[in-house]
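What follows is a set of notes on a single structure, which appears directly below.
In this note's numbering, the protein residues as written are 6 to 99.
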């Protein structure tokens, strides 16, 4: 069973930035999400970042009061991560 979860997240991380890219109006969000992941983050580091976020989100659903609070925090973490990843690697200096 743990291998199935790992396989799911290995596939899911390629789609990690699709929603923010849709909000930005990108014409090919699926392709761009995978490209951002491979060029700017890497599969291994992305997986090591996504798994704790996912655990935080899923375990938060077990809270009797406000179960979605951790879910919202995880979504916000991914949005902040996207904002960081989409910045150019080297900014032009004046």
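C-beta atoms are modelled at their ideal positions from N, C-alpha and C, and glycine is treated no differently.
Evaluate contact between the stretch 37-55 and the stretch 63-80, counting only Cβ atoms and requiring at least three cross-stretch pairs below 8 Å.
Under the three-pair Cβ rule at 8 Å, the stretch 37-55 does not count as touching the stretch 63-80.
For residue 89, which of helix, strand or coil comes out of DSSP?
As a working mapping, residue 89 is identified with position 84 in the chain shown. Judged by DSSP in its simplified three-state form, residue 89 adopts helix.
Determine whether the beta carbon atoms of residue 83 and residue 13 lie at a separation below 9 Å.
Sequence index remark: in the chain shown, residue 83 carries index 78 (1-based). Sequence index remark: in the chain shown, residue 13 carries index 8 (1-based). Cβ distance not < 9 Å, so residue 83 and residue 13 don't count as in contact.
Buried or exposed: which applies to residue 79, given that a residue is buried once 16 or more other Cβ atoms fall within 10 Å of its Cβ?
As a working mapping, residue 79 is identified with position 74 in the chain shown. The residue in question, residue 79, is buried, as its Cβ has 16 or more Cβ neighbours within 10 Å.
Close beta carbons around residue 25, own chain, < 7 Å, minus the five adjacent residues each side
As a first step, residue 25 must be located in the chain shown, where it is residue number 20. 84 and 87, listed in sequence order.
Please tell me whether residue 42 and residue 58 are closer than 9 Å, where the distance is taken between their beta carbons.
The sequence position of residue 42 within the chain shown is 37, counting from 1. The sequence position of residue 58 within the chain shown is 53, counting from 1. With a cutoff of 9 Å on beta-carbon distance, residue 42 and residue 58 are scored as not near each other.
Starting from residue 69, trace the alpha helix (DSSP H) in both directions and tell me its first and last residue.
Reading the chain shown from its first residue, position 64 is the one you call residue 69. DSSP places residue 69 in no alpha helix (DSSP H); its state is neither H nor E.
Assuming residue 20 and residue 35 make a contact with CB atoms under 8 Å, what is their CB distance in whole Å?
In the chain shown, residue 20 corresponds to position 15, counting from 1. In the chain shown, residue 35 corresponds to position 30, counting from 1. Cβ atoms of residue 20 and residue 35 come within 8 Å of each other, at about 7 Å.
Between the alpha carbons of residue 75 and residue 44, how many angstroms are there, rounded?
Here the question's residue 75 lines up with position 70 in the chain shown. Here the question's residue 44 lines up with position 39 in the chain shown. Cα to Cα, residue 75 sits roughly 29 Å from residue 44.
For the alpha helix (DSSP H) that contains residue 27, what are its first and last residues?
In the chain shown, the residue the question calls residue 27 occupies position 22. Its alpha helix (DSSP H) spans residues 23-28.
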